[in-house]
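Counting in UniProt numbering, the sequence shown runs from 1 upward without gaps. Built from N, CA and C at the ideal position, the CB exists for glycine as well. All values reported here derive from a predicted model rather than from experimental measurement.
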Amino acid sequence: MMNLQLVTRNLLSSSKAFKKTGLFSRSFHVNAQRNLQNIIQSQRCVKTSLTINSKLLSTKFHTKTKVANSQKPGIPKDPKEIKPVVVKNSSSLPSSLSVPQLNIIKQLLSKLWPKGNTNAKIRVVVALSMLILSKLLNVQVPFFFKSIIDSMNIDWLNEIGTVTTIAGGLILAYGSARFGAVLFGELRNAVFARVAQTAIKKIANDTFTHLLNLDLSFHLSKQTGGLTRAIDRGTKGISYVLTAMVFHILPISFEISMVCGILTYNYGFKFATVTLLTMLAYSIFTIKTTTWRTGFRRKANKADNQAASVALDSLINYEAVKYFNNEAFQVSKYNAALTKYQDAQIKVATSLAFLNSGQNFIFTSALTAMMYMACNGVANGSLTVGDLVLINQLVFQLSVPLNFLGSVYRELKQSLLDMETLFKLNNNEVKIKNLPDAKPLALGGAAEIRFENVSFSYVPTRKILDNVSFTIPAGEKVAIVGPSGSGKSTILKLIFRFYDLDQGRILINGQDIKHLTLESLRKSIGVVPQDTPLFNDTILENIRYGRLDASDDEIKHIINKVKLNNLIEDSPEGLNTIVGERGMMISGGEKQRLAIARLLLKRAPIAFFDEATSALDTHTEQALLKEIKAMFHNDKAELKDITSVSIAHRLRTIADSDKIIVLERGQLKEEGTHFELLAKEKSLYKDLWNIQENLDMEEELLEQERKRIEAKKASLKMEATEQ
Numbered sequence: 001m002m003n004l005q006l007v008t009r010n011l012l013s014s015s016k017a018f019k020k021t022g023l024f025s026r027s028f029h030v031n032a033q034r035n036l037q038n039i040i041q042s043q044r045c046v047k048t049s050l051t052i053n054s055k056l057l058s059t060k061f062h063t064k065t066k067v068a069n070s071q072k073p074g075i076p077k078d079p080k081e082i083k084p085v086v087v088k089n090s091s092s093l094p095s096s097l098s099v100p101q102l103n104i105i106k107q108l109l110s111k112l113w114p115k116g117n118t119n120a121k122i123r124v125v126v127a128l129s130m131l132i133l134s135k136l137l138n139v140q141v142p143f144f145f146k147s148i149i150d151s152m153n154i155d156w157l158n159e160i161g162t163v164t165t166i167a168g169g170l171i172l173a174y175g176s177a178r179f180g181a182v183l184f185g186e187l188r189n190a191v192f193a194r195v196a197q198t199a200i201k202k203i204a205n206d207t208f209t210h211l212l213n214l215d216l217s218f219h220l221s222k223q224t225g226g227l228t229r230a231i232d233r234g235t236k237g238i239s240y241v242l243t244a245m246v247f248h249i250l251p252i253s254f255e256i257s258m259v260c261g262i263l264t265y266n267y268g269f270k271f272a273t274v275t276l277l278t279m280l281a282y283s284i285f286t287i288k289t290t291t292w293r294t295g296f297r298r299k300a301n302k303a304d305n306q307a308a309s310v311a312l313d314s315l316i317n318y319e320a321v322k323y324f325n326n327e328a329f330q331v332s333k334y335n336a337a338l339t340k341y342q343d344a345q346i347k348v349a350t351s352l353a354f355l356n357s358g359q360n361f362i363f364t365s366a367l368t369a370m371m372y373m374a375c376n377g378v379a380n381g382s383l384t385v386g387d388l389v390l391i392n393q394l395v396f397q398l399s400v401p402l403n404f405l406g407s408v409y410r411e412l413k414q415s416l417l418d419m420e421t422l423f424k425l426n427n428n429e430v431k432i433k434n435l436p437d438a439k440p441l442a443l444g445g446a447a448e449i450r451f452e453n454v455s456f457s458y459v460p461t462r463k464i465l466d467n468v469s470f471t472i473p474a475g476e477k478v479a480i481v482g483p484s485g486s487g488k489s490t491i492l493k494l495i496f497r498f499y500d501l502d503q504g505r506i507l508i509n510g511q512d513i514k515h516l517t518l519e520s521l522r523k524s525i526g527v528v529p530q531d532t533p534l535f536n537d538t539i540l541e542n543i544r545y546g547r548l549d550a551s552d553d554e555i556k557h558i559i560n561k562v563k564l565n566n567l568i569e570d571s572p573e574g575l576n577t578i579v580g581e582r583g584m585m586i587s588g589g590e591k592q593r594l595a596i597a598r599l600l601l602k603r604a605p606i607a608f609f610d611e612a613t614s615a616l617d618t619h620t621e622q623a624l625l626k627e628i629k630a631m632f633h634n635d636k637a638e639l640k641d642i643t644s645v646s647i648a649h650r651l652r653t654i655a656d657s658d659k660i661i662v663l664e665r666g667q668l669k670e671e672g673t674h675f676e677l678l679a680k681e682k683s684l685y686k687d688l689w690n691i692q693e694n695l696d697m698e699e700e701l702l703e704q705e706r707k708r709i710e711a712k713k714a715s716l717k718m719e720a721t722e723q
């Protein structure tokens with residue numbers, strides 16, 4: 001599951017990049033590497049236990065709790081071994097949706113019997129057949145043991161040949177039955193493994209695909225770490241529930257039913273009544289105690305998630321921690337969460353000891369009572385010694401499924417809780433989706449973008465855009481400027497359909513984007529975002545992400561265009577250099593150039609630059625802008641039919657635009673060319689330009705003064721050296 005968690009966290013942290021490159025159809029293989037647990041072989045049950053076990057599943061699964069596992073292979077019983085992974089708080093995952101846990105079980109069972117998959121159905125039938133054979137042989141073992149004991153109760157001097165033959169045959173039958181039960185149980189596991197793992201993979205992959213298709217507002221309001229852990233924990237829960245339902249609950253019910261029927265048929269209702277009362281007491285005690293322990297587990301989960309969140313935030317913001325010397329503060333926050341987790345886990349462990357002790361007391365009392373009744377039967381001659389051994393074996397064999405049933409119930413509760421979180425993600429509605437009549441975007445040439453009376457707000461109390469109308473001409477370079485908070489970046493989000501409008505419409509070549517397929521719309525738009533999303537992969541693969549089928553030669557050509565040669569040459573691995581998580585291993589300017597390379601490689605007819613050169617130095621910025629202009633807007637440009645839109649604060653970078661749109665407080669203030677806007681008597685653009693030019697002039701003067709002072713210091717130092 002480690003691969004799943006790493007891949008998921010990496011991709012979700014860059015979810016915007018997925019949407020901006022239009023790669024919705026790419027499939028992702030999600031590994032769910034939890035192996036099916038080994039099934040413990042034993043004998044047990046009562047006819048009425050089917051009702052009791054049903055009760056265990058149907059009446060109490062609504063309680064959400066983390067539980068301890070059984071001390072069997074693959075299922076740790078110590079609750080400290082179970083790592084809680086619930087999302088930190090209600091804001092991390094959708095809380096308004098409810099997924100009944102019985103519905104979850106039904107959905108899982110449907111995965112075991114998938115429509116149209118004959119191979120999977122055959123495997124399930126074979127596995128269930130192996131299950132029945134295993135349990136039938138298991139119940140036969142005590143009968144062979146009884147017969148062996150009774151065959152010993154004869155006159156050995158007169159019957160030695162016959163006895164040896166009979167006893168020898170019974171012993172062979174005893175050994176064969178025990179081995180056969182184990183063999184069929186293991187064959188059952190092997191046959192069913194592929195069905196279970198296929199179901200796990202499908203659910204995990206469907207969830208991951210659904211997360212990528214959810215709208216931007218969902219991802220902005222959720223913790224990426226919480227989402228990845230929810231998927232990780234949920235898939236592990238699926239693995240356990242599938243195994244427990246098919247190979248634990250059903251076998252236990254079947255075996256206990258057979259044992260109770262045998263006791264009733266051979267020895268009367270007294271033994272069956274004791275067995276029934278034991279089952280009832282055991283089940284009620286387990287349910288009540290586990291419900292009581294739920295509060296401790298929830299506190300442990302909450303504290304663990306707090307600790308995980310603090311650790312994740314600290315590592316992601318490593319530089320900020322170092323800049324402000326706050327290592328001790330972060331450690332104290334982490335330690336506080338760990339202390340809460342420690343206290344809660346101690347209570348979990350203590351309550352588990354109480355639960356296990358109570359369960360053993362109930363069963364031991366029942367076993368003692370039944371042995372007393374059997375001994376009385378032997379004493380009064382109604383039972384043989386073999387009968388006593390048979391009853392002892394049958395009842396003692398119930399201890400394993402009963403103890404196992406308790407731990408299975410506890411673990412099923414936690415697994416269903418984890419899966420409920422996972423299924424809530426799947427039930428989260430995709431708000432931005434194709435309309436039934438959606439058609440692909442049809443572009444006969446360059447794209448014209450028109451806003452008609454567009455209004456939009458993230459929250460009802462504050463309008464970001466208020467009745468805005470403007471046109472971005474086809475094939476031209478257009479800039480959108482304005483003070484912070486005027487709605488510039490929102491323009492991009494609306495054209496990309498990260499959000500739908502409150503009113504108005506957006507047209508591309510006369511086609512309302514709401515009636516276009518999302519794939520065709522987003523495939524036609526290339527974006528260089530302000531915060532460049534990079535994967536923890538090589539430079540080559542990060543650039544290739546703009547167009548997955550691009551050749552190495554095309555990528556090298558683009559690298560030359562965006563001036564990334566120095567980075568490639570200075571890196572020991574060249575194009576195969578890893579950029580680090582979120583591109584931490586390269587500079588901000590190099591990240592932005594890499595993002596521009598992605599856009600150029602995508603060759604989308606609409607290009608958006610959101611502060612695309614904000615992290616570049618002046619020299620590199622001007623060189624890159626010149627190169628971009630040559631690529632997009634010269635008569636001989638290789639991408640001259642592209643409509644480019646630049647969102648900028650630094651007005652010098654967009655002064656040569658064919659059209660400049662000025663926004664203020666969500667409204668269109670003015671529009672025109674650079675010189676037309678400067679020629680106006682009253683112009684917001686003119687005011688912004690003058691402010692920036694004065695600042696630039698002051699910076700130039702300060703730079704000149706700094707150089708003059710440094711030159712003077714160098715001169716004085718040289719004079720002092722000569723003297």
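Backbone secondary structure at residue i - three-state DSSP
i      : result
Val124 : helix
Ile586 : coil
Ala474 : coil
Gln503 : strand
Arg547 : coil
Gln330 : helix
Gln667 : strand
Ser382 : coil
Gly510 : coil
Val67  : Annotation note: pLDDT 34 at Val67 (below 50); position unreliable, coordinate value reported separately. Val67 falls in the coil class under three-state DSSP.
Phe451 : strand
Ala479 : strand
Gly358 : helix
Straight-line Cα distance separating residue j from residue i
i           : j      : result
Ile661      : Arg544 : 33 Å
Asn301      : Ala320 : 28 Å
Gly237      : Gly574 : 43 Å
Lys713      : Ser644 : 48 Å
Glu411      : Leu128 : 23 Å
Val67       : Lys288 : At Val67 the pLDDT is 34, less than 50, meaning the model places this residue with poor confidence; the figure from the coordinates comes in the next sentence. Approximately 13 Å, taken between the alpha carbons.
Ile522      : Ala607 : In the sequence as presented, Ile is not what sits at residue 522; that position holds Arg. One C-alpha to the other measures close to 11 Å.
residue 724 : Val408 : Nothing can be reported for residue 724, as the shown portion of the chain is limited to 1 through 723.
Ala379      : Val241 : 47 Å
Asn560      : Leu315 : 34 Å
residue 747 : Leu601 : Residue 747 is absent from the model: the chain starts at 1 and stops at 723.
Ala272      : Ala374 : 13 Å
Thr278      : Met258 : 16 Å
Val126      : Leu214 : 40 Å
Leu136      : Gly358 : 30 Å
Closest by C-alpha distance to residue i, when choosing among the options
i      : options                        : result
Glu590 : Glu621, Ile606, Leu133, Phe609 : Glu621
Asn694 : Ala711, Arg665, Arg652         : Arg652
Lys431 : Gly475, Ala177, Asp500, Lys561 : Asp500
Gly482 : Phe498, Leu465, Arg497, Phe496 : Leu465
Val310 : Arg297, Phe675, Leu338         : Leu338
Gln107 : Arg194, Ser283, Met245         : Met245
Pro666 : Leu214, Gly485, Gly445         : The displayed chain sequence assigns Gly, not Pro, to residue 666. If we check each option's Cα against that of Gly666, Gly485 comes out closest.
With 16 other Cβ atoms within 10 Å as the buried cut-off, status of residue i
i      : result
Phe329 : exposed
Cys260 : buried
Ile122 : exposed
Leu355 : buried
Ile346 : exposed
Arg233 : buried
Leu668 : buried
Arg708 : exposed
Arg194 : exposed
Thr235 : buried
For residue i, the residue or residues it bridges with in DSSP
i      : result
Thr490 : Bridge partners of Thr490: none, in fact.
Asp610 : Ile647
Thr243 : DSSP lists no partner for Thr243.
Interface flag, residue i vs chain B, CB-CB below 8 Å
i      : result
Thr490 : Looking for chain B here will not work: only one protein chain is present.
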